[in-house]
């Protein structure tokens with residue numbers, strides 16, 4: 056993990072804050088003292104508390120002070136595709152969106168399937184990134200789905216989880232072996248559940264709208280069948296398993312049943328599938344060509360309900376930068392993916408404002424639960440926890456202009472969208488890494 060140096064940082068006192076701790080569900084006015092990069096004291100129900108004489112005082116003005124977000128799924132171009140994104144630009148986008156910890160996917164060139172590549176990413180992040188970067192290592196060598204990587208060596212190097220990124224392991228025997236080894240090493244497997252043979256040439260959700268647009272569809276069964284197979288293998292091996300992104304009602308039902316049976320299973324959902332549906336594709340908007348595809352409104356409401364009930368554990372940005380050459384194409388030929396680090400929280404606040412989920416519940420899915428799954432100390436307001444914090448105005452309205460995004464690529468599905476909720480300041484280990492009042 057990379058963290059900014061804090062040895063010379065002044066203590067920070069946050070006063071008049073609306074503290075939100077997703078780990079405990081507690082929300083109340085209060086104050087906080089930060090020293091040496093960690094939370095030193097929390098005064099619940101006491102908005103003003105004096106700190107050390109040399110401390111810098113941040114008056115929160117009644118706004119939300121919460122843990123920084125932990126994003127379990129972000130594709131970063133470096134190494135190999137720095138023209139799309141670098142660790143530096145991704146971290147700047149993350150800080151602007153309130154994300155203080157990013158798990159980067161292994162879909163790079165070279166693939167993150169060797170300890171030396173993990174080490175490179177950690178050193179590169181230490182030198183250039185302003186938020187915490189944790190690499191996820193490849194599940195199979197070269198992401199080819201045939202031969203497992205060296206889990207033990209990769210974990211020693213600093214990998215926090217194993218995944219083939221946007222690819223699914225179709226060979227059930229390989230997946231069984233991977234789950235068995237993951238169980239023995241205590242590793243977490245994140246799997247993209249989408250059968251590529253069933254996806255075929257599909258480019259959007261299969262159904263009436265795809266037919267009307269003249270586009271080949273992706274059936275829900277491509278996700279459901281792969282997920283059902285994986286859950287059977289988890290039952291067989293007892294390994295910790297995380298379905299990276301579910302997108303339909305049947306998948307939710309499968310996860311709910313697996314949890315009821317006591318299987319060590321969790322799942323995530325993309326902010327895109329949570330807040331958008333297939334009709335948003337409109338007039339062939341390629342920024343909304345995604346994997347999994349945007350589903351029907353019925354499926355979207357099912358995943359929203361599952362998030363509110365705790366069946367879905369985490370929300371991810373599925374940040375996937377693509378340049379104009381891969382997006383300014385006919386819809387069927389455009390690359391999958393959208394940037395999301397900077398807009399994940401603002402988009403998620405739509406659910407809070409609509410009454411679908413509480414603010415603490417949203418932060419639990421975006422901060423405390425992903426941190427717990429990854430074994431990280433982040434995502435909570437507690438004495439001794441890292442001072443990875445955000446100051447948020449949950450009600451500030453704005454219209455998103457993609458030109459103002461910090462990401463090197465601008466392929467956002469929320470361009471010109473009206474959003475509510477803005478991160479005003481972001482701190483990593485007590486060091487300010489984003490301040491909207493200083494933005495140009």
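Residue numbers (our numbering): 56 to 495.
The beta carbon of each residue, even a glycine, is placed where N, CA and C say it ideally should be.
field: Short Cβ contact (9 angstroms threshold) for residue 126 with residue 220
entry: Going by C-beta atoms, residue 126 is not nearer than 9 angstroms to residue 220.
task: Report all residues from its chain with a CB closer than 7 angstroms to the CB of residue 332; omit the five preceding and five following residues, and keep chain order.
output: Excluding residues within five positions, the ones whose Cβ falls inside 7 angstroms are 349, 350, 351, 352, 355.
message: Let me confirm a value: residue 77 is counted as buried when at least 16 other C-beta atoms fall within 10 Å, else exposed. Which label applies?
response: Residue environment analysis places residue 77 among the buried positions, since at least 16 neighbouring C-beta atoms fall within 10 angstroms of its C-beta.
- prompt: Any chance the CB of residue 473 is under 8 angstroms from a heavy atom of the ligand GDP?
  reply: With respect to the ligand GDP, the structure offers nothing, as it holds no ligand at all.
message: Under 9 angstroms, Cβ to Cβ, is there at least one residue of chain B near residue 201?
response: The structure shown has no chain B; it contains just one protein chain.
message: Extract the residue ranges of the alpha helix (DSSP H) inside the region 428 to 459, only unbroken runs of 4 or more that lie entirely within it.
response: As far as the region 428 to 459 is concerned, it has no whole alpha helix (DSSP H) run of at least 4 residues.
- prompt: Hey, residue 216 and residue 253: beta-carbon distance below 9 angstroms or not?
  reply: Contact flag unset, no.
field: At least three beta-carbon pairs within less than 8 angstroms, the region 280 to 296 to the region 241 to 250
entry: At 8 angstroms Cβ cutoff, the stretches touch.
message: Going by the DSSP bridge assignment, what does residue 475 pair with across the sheet?
response: For residue 475, which the question treats as bridged, DSSP gives the partners 452.
- prompt: Which residues in the same chain have their Cβ closer than 8 angstroms to the Cβ of residue 105, if we skip the five residues on either side of it in sequence?
  reply: For residue 105, where only same-chain residues beyond five positions count, the Cβ hits under 8 angstroms are 68.
message: Tell me the rounded alpha-carbon separation between residue 191 and residue 169.
response: For residue 191 and residue 169, the distance between alpha carbons rounds to 11 angstroms.
- request: Hey, could you find the ends of the beta strand (DSSP E) residue 11 is sitting in?
  value: Summary: the structure shown does not reach residue 11, with the chain confined to residues 56 through 495, and so no result is reported for it.
- prompt: Name the DSSP beta bridge partners of residue 98, please?
  reply: Answer by DSSP bridge pairing, in chain order: 86.
- prompt: Name the DSSP bridge partner or partners of residue 482?
  reply: Residue 482 is bridged to 444, 487.
message: Which residue wins for smallest C-alpha separation from residue 404, given the options 387, 478, 315, 392?
response: Comparing alpha-carbon positions, the option among 387, 478, 315, 392 lying closest to residue 404 turns out to be 478.
query: Should residue 239 be labelled buried (16 or more other beta-carbon atoms within 10 Å of its own) or exposed?
result: It is exposed - the Cβ of residue 239 has fewer than 16 other Cβ atoms within 10 Å.
- request: Identify, in the order they occur along the chain, each residue of the same chain with its Cβ nearer than 6 angstroms to the Cβ of residue 213, setting aside the five sequence neighbours on each side.
  value: Cβ neighbours of residue 213 beyond the five flanking positions: 173, 177.
message: Can you give me the C-alpha to C-alpha distance between residue 378 and residue 315, rounded to a whole angstrom?
response: For residue 378 and residue 315, the gap between their C-alpha atoms comes out near 43 angstroms.
field: Option in 152, 260, 382, 218 with minimal Cα separation from residue 462
entry: In terms of CA proximity to residue 462, 152 leads the group 152, 260, 382, 218.
field: Where the alpha helix (DSSP H) containing residue 246 begins and where it ends
entry: Not the alpha helix (DSSP H): residue 246 falls in the beta strand (DSSP E), residues 244 to 246.
- prompt: Do residue 485 and residue 187 have their CB atoms nearer than 9 angstroms?
  reply: In this structure, residue 187 does not lie closer than 9 angstroms to residue 485 by Cβ.
- request: Let me know the secondary structure DSSP gives residue 328 once reduced to three states.
  value: In the displayed model, residue 328 falls within a helix according to three-state DSSP.
message: Within a Cβ cutoff of 6 angstroms, which residues of the same chain sit near residue 98, ignoring the five residues on either side of it in sequence?
response: If we look at residue 98 and ignore the five residues flanking it on each side, its Cβ neighbours are 85, 86, 104.
task: Report back the beta-carbon spacing between residue 372 and residue 396 to the nearest angstrom; my notes put them in contact at under 8 angstroms.
output: About 5 angstroms separates the beta carbon of residue 372 from that of residue 396, a gap short enough to meet the 8 angstroms contact definition.
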